[in-house]
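J.:
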Amino acid sequence: MGRVKLKCPVCKRTRGTLNSRDWELHKEKCKSEAALRASIPSMRQFMVPQTSPTSSPPAVEALALAPGEGDDDASCLVSGVNLDGDGVGGSGVADACATCEGGEDGYDVMGYGDGGLPLDVQLHVDDSDVEMEMAEAGGGSSSLTFSPGTRFGHAGGGAGTSTPQSSTDCSDANCPTSHQHQLFSPTVTVASSSPGAADGLEEIDSDTQSEKSDGDSPNPVQFTADPATFCKIQTFTSEMVDKIQKCGPHQPVAADLASPNHEFPQTNGRSFRPSWYFRRLPDGSEQKRDWLSYSEKNDAVFCIHCILFSKSHHRAKHPSFISEGFNTWFRATTAFLYHETSEMHVEAALAANLRKLSLPLNAQMERAKLTKKAENREIVRQLVDITLYLARHCLAFRGHREGAKNDIRGNFHDLVTLLAKYSPGLATYLTKLQEKCKSRKGKLKPKPRNFFSWNRQHQYIQAVAQYIKNSVKKEVQEARFFSVSLDETFDFSRKEQCSCIIRYVNENTGTVCERLVALKVSASTTGEQLFNVLVNILEEELGLDWKNYLVGQTYDGASNMRGQYQGLQARIREEAASAIYIWCYAHRLNLAVKDCVNSCVEAVDMFNNIKALGNFINCNKLHVDLYEKYFIKYYPGKQTLRLKRVDTTRWNSYDFSLSTVVEAFDAVVDTLVDIEANGINSDAKITASGLLKYFISEQFVLVSQTFLSIFDVITPLSRGLQAADVDMMAAVNHVNSVMSHLTAMRSDEAFQTLLEKKNDFIQKHDEIVFKELPTPTEKRVRRVRRRDGEQAHDTPIVDALTKFRVETYFASLDNIIQLLTERFSDRAQGVLKDISLFTRKRMSEVERNKSVLPDDAFKAFCAVYAKFVNVEDLRREYLQMCKTFEPYESALNLPKNLHSDAADWIDIDECEEVAIDDGHDADVDDDSVAEELRTAAADPPPVTNEQALHSFEISSASTERSFSKLKLIKNRLRTTMLQGRLEDLMIISCENDVQIDVEEVLKILASFSPYLSALLF
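Residues in the sequence shown are numbered consecutively from 1, following UniProt numbering.
1) In chain order, what residues of the same chain have a beta carbon less than 7 Å from the beta carbon of A300, not counting five sequence neighbours either side?
2) Tell me which same chain residues have a C-beta within less than 7 Å of the C-beta of E676, skipping the five on either side of it?
3) State the start and end residues of the unbroken beta strand (DSSP E) segment that holds I501.
4) Can you name the residues that DSSP bridges to K771?
5) Give a yes or no on whether the C-beta atoms belonging to I468 and I1004 are separated by under 8 Å.
6) Restricting to Cα atoms, I'd like to know which of K850, V831, F838, K883 is closest to C862.
7) Since Y338 sits in a beta bridge, which residues does DSSP pair it with?
8) If you count every other CB in all the chains shown that lies within 10 Å of the CB of H250, and 16 or more means buried, which is it?
9) Quick check on the DSSP output: what are the complete alpha helix (DSSP H) runs of length 4 or more inside the stretch 965 to 1011, in order along the chain?
10) Note down the Cα distance separating L1016 from K965, rounded to an integer number of angstroms.
11) Can you list, in chain order, the stretches of the alpha helix (DSSP H) that have 4 or more residues and sit fully within the UniProt domain "TTF-type" (268 to 376)?
12) Excluding the five sequence neighbours on either side, which residues of its own chain have a C-beta within less than 7 Å of the C-beta of S259, listed in chain order?
13) I379 and Y460 - do their beta-carbons sit closer together than 8 Å?
14) Between E1000, S1007, R972, D993, which lies nearest to A396 when the distance is taken from Cα to Cα?
15) Leaving aside the five residues before and after G980 along the sequence, list all residues of the same chain whose C-beta is less than 8 Å from its C-beta, in chain order.
16) Since I582 is in the beta strand (DSSP E), which residue starts that stretch and which ends it?
17) Run through DSSP, which three-state label would G552 get?
18) Measure the beta-carbon distance from I610 to L658 and round it to whole angstroms, keeping in mind my assumption that it falls under 8 Å.
19) Indicate whether R515 and E991 have their beta-carbon atoms separated by less than 8 Å.
20) Report the option in Y1011, D997, F1008 whose CA atom is closest to the CA atom of D385.
21) Report the CB separation of V535 from A603 in whole angstroms; it is logged as a contact under 8 Å.
22) Is the separation between the beta-carbon of S956 and that of C584 shorter than 8 Å?
23) Taking V551 as the reference, which of R573, T884, S989, N532 has the closest Cα?
24) For T489, list the residues DSSP reports as bridge partners.
25) Return yes when the Cβ of R409 is within less than 8 Å of the Cβ of G399, no when it is not.
26) With distances taken between CB atoms, is the gap from A348 to H305 smaller than 8 Å?
27) Using a threshold of 8 Å, state whether the C-beta atoms of L742 and V713 are closer than that.
28) Drop a sphere of 10 angstroms on the beta-carbon of residue 1033, count the other beta-carbons inside from all chains shown, and report buried for 16 or more, exposed for fewer.
29) From W291 to S342, what distance separates their C-alpha atoms?
30) Should Y389 go down as buried or exposed, given a rule of 16 or more other Cβ atoms within 10 Å for buried?
31) Using DSSP's beta-bridge definition, name the partner residues of E960.
32) Who are the near neighbours of A59 in its chain, counting only those whose CB is closer than 6 Å to its CB and skipping five residues on each side?
33) Quick check: F751 and R588, are their CB atoms within less than 8 Å of each other?
34) Can you list the alpha helix (DSSP H) stretches of 4 or more residues lying completely in the stretch 849 to 888, in chain order?
35) Does the beta-carbon distance from H623 to F616 come in below 8 Å?
36) Exposed or buried, E488, counting other C-beta atoms within 10 Å across all chains shown (16 or more means buried)?
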């Protein structure tokens, strides 16, 4: 059995090679054409013979044209045959109807246009030329001329006429009538309003516009008079339409083209004709096509009316004259005619004309709109200030109940109400909003949009944080060199929070900055996971070239951070070899102090008793009350000192807890005496008795004075290492100074000074009887066999002070000195050795004799930063610095005798200048890199070297400070806060010294949604 051929039920055409989709479209097209033909009555009743000056028309079959469905073809309404040259529809060359052909002249035939409006059709039919004039019953008229090889188009639509620029006689020798083909060159003017455009978007000029994309961020689009630059825009603002109207249509002639030969480009042998700018009316006059705009960029024509005012479903259905452009030139005339008479174009042209009539009203509305936007911006400025106040003080924004009937509605709403008393604009807006809320009937009607909602509050926070991020990002990119510090901690919601700090030198002010740039959650804290978090921050969020410009990385001593193979610092060094890892100096010092207080039995005993004292008094309200009563008695007018905890995780906690007990010693002793005598139970009495016996002993006084002397040296170092602007050289010098000071304390003279402090303390509290040092018990000493020639022998210590001096005082000093040496031993690594050459001591040595400069000086530094520093240039400029170091240093310092004869020649102005400079110097660490480089020479060292020295971060104290802010912001009442909001609040709170430009914040805020953009700009 043979294959069955599928045929169209209407035109009987076989399916052939058409696919399923095209076959279904073909059948639907045939059915619609058949329905259209069936709806038209007999065409003969509409025939009206046309008279001609030369001949009379014979009686022939009438012919009418109807637009093809889905394309721009024309078809005979009588026979249904497509008049496009190929007989089956689609693009092609127009031909006469084979079914109805038989006459030579035209007839007036009534047909129907695309919108169902009747059309008067005059058709001249023969083998070479067909001329049709269509007048739409609604008042418009259009003309169509086509012949074999002529392009179809659709024109017209509006009323009015215009005079043709030129005309040519018909070239058809068989044409029975005398007529002319007229050429047109109009300009298109677009003036209308877009019903769907958002009000209040940014104003544009003739070359630029701001278009809101489907998302929340603005998408600026550059456009000119060429319609191809704005045809893709989906929504036009009122300002955009006005600007495009002023530009007018783009209708160049050949002389206006930028091409060398001043000709329109050809496609398949055909090109655009300037004569299409006009259409010919039935009376022979010409009318400008004010919608037609030619694009030199795309070599296509567009309809400006439809681009600006057509509906979305029309845009998707008819993209040729709107978004894609029309350039099928052999069908231009028919396509123009079809488009002009379409429902889409008529509606768009009507909207354009209505906008022309409403232009004076639009100007008044625009002024009112601009005034309203100015009022909105002023209100939002005040709301941004409220946001800054709450965020910088780590306060909550929202309340438990925020309804209008609640008295307490949260900090944000209550501050708005407070400021409204002093701000007329804010008060007016708040009153109108309350009236709108009262007018709501039930809960079915949505709440009115306002600037106070929880979502708006979040957007204010986000906009301010984004501004700070952008400012920091810009400063880091200008500085180029930077270092990073990262640490993690648990918050109250049991999430691991990673804080990232960036250190850099501000290019404009020259100050060292440490900024919090991100706070991220990381479920895992492995080196690889932290590496991914850090890289995402540096690359995705900040866009920094960290592989080239990251000069340092600072973390604590955890294995996931400082691990040699799998640690975070190792992963960073694999990608950025110049990122030198520095173990946090503050953490190192804290570990050394922790080990020091456990170095001897007496120290362990003292701090355990201090810890027990704090727990004993602070954990009972009666004991706390007694302590406060005695403190006020002995120290009137002084703020009550709370007994501190001895916590190993808190820096300087040993110093603070010991100092508090010593300063409030009388109150502590009397509290223990009172509890021992009048305690509520026996356990309290026994505990108080045991603590009292220890604290009123000479052993406590000596041990406390020993460690207070050590802490007097260590604590300033700890605070200095925690400073945000401390640099590498200042830290190294400070550590060396502390070690020298501790070494000097290990002497008999220093011990005698300690005994004097002990005696002064006992005399100050003469009403207390202190227990003397216990006499060492004489123990049997195991004899050790002497070696040959050995003269020394072991002698037991029988004196209490001598025993304390040897086994406690000297042992504690030896232990802390050894610990500092071990903890800070890496300061001798190559780069830091080169940095040490910038100290005053080394520069003075080189100035006296430049030959003492080592041959390999700065080689380690330049090996790491070879891309930015040349070793020979650095050595040469360093020698120049040393040569001019002392003169400039002496010029910046005051003389020893200000009023000596040598200084009499200095005038008043110079004295004032010296005094001012000296005051400024007092704010700078004498051992810092900044001070060394500032006073060294008129020509500073290479900028790269200076920036690298400043950018080294030697402490991760800034991350620890951020965790203190974290506890204030995400407290136990705010544990459900979203991570994005938490990060923004942290950045605003930590970087509260960044100057906020509220106008820039408003621009960022407007970019979040088209609605906000329409309200503010």
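Note that CB positions come from ideal geometry on N, CA and C, so glycine has one too.
T.: Checking against the coordinates, here is how it stands:
1) Within the sequence shown, the letter at position 300 stands for residue 300. The answer, listed in chain order, is G325, F326, N327.
2) Here the question's residue 676 lines up with position 676 in the sequence shown. These residues qualify, in order along the chain: K685, A688, S689, L692.
3) By 1-based counting over the sequence shown, the position of residue 501 is 501. Looking at the DSSP string, the run of the beta strand (DSSP E) that includes I501 is 496 to 505.
4) Translated into positions along the sequence shown, residue 771 becomes position 771. Bridge partners of K771: S697.
5) Taking the sequence shown and counting its residues from 1, the one referred to as residue 468 is at position 468. Taking the sequence shown and counting its residues from 1, the one referred to as residue 1004 is at position 1004. Contact flag unset, no.
6) On the sequence shown, residue 862 is found 862 positions in, with the first residue counted as 1. Here the closest residue by C-alpha is V831.
7) Walking along the sequence shown from the start, residue 338 turns up at place 338. The partner list for Y338 (beta bridge, DSSP) is empty, contrary to what the question assumes.
8) By 1-based counting over the sequence shown, the position of residue 250 is 250. By the neighbour-count rule (16 or more Cβ atoms within 10 Å), H250 is buried.
9) For the stretch 965 to 1011, whole alpha helix (DSSP H) runs of length 4 or above, ordered along the chain, are 979 to 990, 998 to 1006.
10) If you number the sequence shown from 1, residue 1016 lands on position 1016. If you number the sequence shown from 1, residue 965 lands on position 965. In a straight line, the C-alpha of L1016 is about 33 Å away from that of K965.
11) 304 to 309, 312 to 317, 332 to 340, 343 to 357
12) Mapped onto the sequence shown, residue 259 falls at position 259. Around S259: no qualifying Cβ.
13) Against the sequence shown, residue 460 aligns to sequence position 460. Against the sequence shown, residue 379 aligns to sequence position 379. Against a cut-off of 8 Å, the Cβ pair of I379 and Y460 comes out as no contact.
14) Sequence index remark: in the sequence shown, residue 396 carries index 396 (1-based). When only C-alpha atoms are compared, the closest one is R972.
15) As a working note, residue 980 is residue 980 in the sequence shown. Taken in chain order, the residues that qualify are Q462.
16) As a working mapping, residue 582 is identified with position 582 in the sequence shown. It spans 580 to 583 - the beta strand (DSSP E) in which I582 sits, taken as one unbroken run.
17) On the sequence shown, residue 552 is found 552 positions in, with the first residue counted as 1. Correct three-state label for G552: strand.
18) As a working mapping, residue 610 is identified with position 610 in the sequence shown. As a working mapping, residue 658 is identified with position 658 in the sequence shown. Indeed they touch by this definition, with Cβ atoms about 6 Å apart.
19) Reading the sequence shown from its first residue, position 515 is the one you call residue 515. Reading the sequence shown from its first residue, position 991 is the one you call residue 991. Between R515 and E991, the CB-CB gap stays under 8 Å.
20) Reading the sequence shown from its first residue, position 385 is the one you call residue 385. Checking every option, the nearest Cα to that of D385 belongs to D997.
21) If you number the sequence shown from 1, residue 535 lands on position 535. If you number the sequence shown from 1, residue 603 lands on position 603. Not a contact, Cβ separation roughly 45 Å.
22) Mapped onto the sequence shown, residue 956 falls at position 956. Mapped onto the sequence shown, residue 584 falls at position 584. Yes, the pair counts as a contact, with Cβ atoms nearer than the cut-off.
23) Here residue 551 corresponds to residue number 551 of the sequence shown, with the count starting at 1. Nearest C-alpha to V551: R573.
24) If you number the sequence shown from 1, residue 489 lands on position 489. Bridge partners of T489: Q497.
25) Your numbering for residue 399 matches position 399 in the sequence shown. Your numbering for residue 409 matches position 409 in the sequence shown. Yes.
26) Here residue 348 refers to the residue found at position 348 of the sequence shown. Here residue 305 refers to the residue found at position 305 of the sequence shown. Taking 8 Å as the Cβ cut-off, A348 and H305 qualify as a contacting pair.
27) On the sequence shown, residue 742 is found 742 positions in, with the first residue counted as 1. On the sequence shown, residue 713 is found 713 positions in, with the first residue counted as 1. Yes, Cβ-Cβ distance for L742 and V713 is below 8 Å.
28) Only positions 1 to 1017 of the chain appear in the structure, and residue 1033 is not among them; the question remains open.
29) On the sequence shown, residue 291 is found 291 positions in, with the first residue counted as 1. On the sequence shown, residue 342 is found 342 positions in, with the first residue counted as 1. Roughly 13 Å between the two C-alpha positions.
30) Mapped onto the sequence shown, residue 389 falls at position 389. Looking at its Cβ environment, which holds fewer than 16 other Cβ atoms inside 10 Å, Y389 is exposed.
31) Within the sequence shown, the letter at position 960 stands for residue 960. None; E960 has no bridge partner.
32) Here residue 59 is taken as the residue at index 59 of the sequence shown, counted from 1. Reliability of the predicted coordinates at A59 is poor, the pLDDT of 32 falling under 50, and the value obtained from them is presented with this limitation in mind. Correct list: empty, nothing qualifies.
33) Reading the sequence shown from its first residue, position 751 is the one you call residue 751. Reading the sequence shown from its first residue, position 588 is the one you call residue 588. Contact: no.
34) 859 to 864, 871 to 883
35) Residue mapping note: residue 623 aligns to position 623 of the sequence shown, counting from 1. Residue mapping note: residue 616 aligns to position 616 of the sequence shown, counting from 1. It is a contact, given that the beta carbons lie within the stated cut-off.
36) Taking the sequence shown and counting its residues from 1, one reaches residue 488 at position 488. Looking at its Cβ environment, which holds 16 or more other Cβ atoms inside 10 Å, E488 is buried.
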